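Single-structure report; data block below.
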Amino acid sequence: MTHHFDESALAGVLGHMNSDHGDDNILIARAFGVDDVVGAVMTGFDGDGGTWEATLSDGSAIEVRAPWTGGPITARPEVRREIVALYDEACRRLGVEPRPHA
């Protein structure tokens, strides 16, 4: 059964990703969706993966769902680890050099 995070966890992660990691959102949406992505915002996540709304070059939008690379999670601290892993995998798929993680 998929774990669902509380509103506080959702608001914190989504706020951080959409205000501080816009370029990462685009990379993830391109790597797990389609190459034509020109913008993306993270719209949700649960224990199985994250969800992004991706804007395509023609102005249309699609939903992109990316499963956590490490498998299902149930704890808030695991979310950061899994988003970083998605970013790293997106960079690998797209041939982009990932930046160091703090």
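The sequence shown lines up with residues 57 to 158 when you count with our numbering.
We treat Cβ as the ideally placed atom computed from N, Cα and C, and that holds for glycine.
Since this is a predicted model, take the numbers as computed values, not measurements.
- prompt: Taking the alpha-carbon positions, what's the Arg-86 to Ile-118 distance?
  reply: 11 Å
query: From what residue to what residue does the alpha helix (DSSP H) around Ala-141 run?
result: For Ala-141, the enclosing alpha helix (DSSP H) begins and ends at 132-150.
message: Which residue wins for smallest C-alpha separation from Trp-124, given the options Tyr-143, Trp-108, Asp-104 and Ala-131?
response: In terms of CA proximity to Trp-124, Asp-104 leads the group Tyr-143, Trp-108, Asp-104 and Ala-131.
query: Tell me, which residues are paired with Thr-125 by DSSP?
result: Bridge partners of Thr-125: none, in fact.
task: Note the first and the last residue of the continuous alpha helix (DSSP H) segment covering Phe-88.
output: 78-88
field: C-alpha gap between Pro-154 and Leu-83, whole angstroms
entry: 11 Å
query: Among Val-93, Glu-134 and Ala-158, which has the Cα closest to the Cα of Leu-66?
result: Ranking Val-93, Glu-134 and Ala-158 by Cα distance to Leu-66 puts Glu-134 first.
field: Contact belief for Gly-106 with Met-98 at Cβ below 8 Å, rounded distance in angstroms
entry: 6 Å
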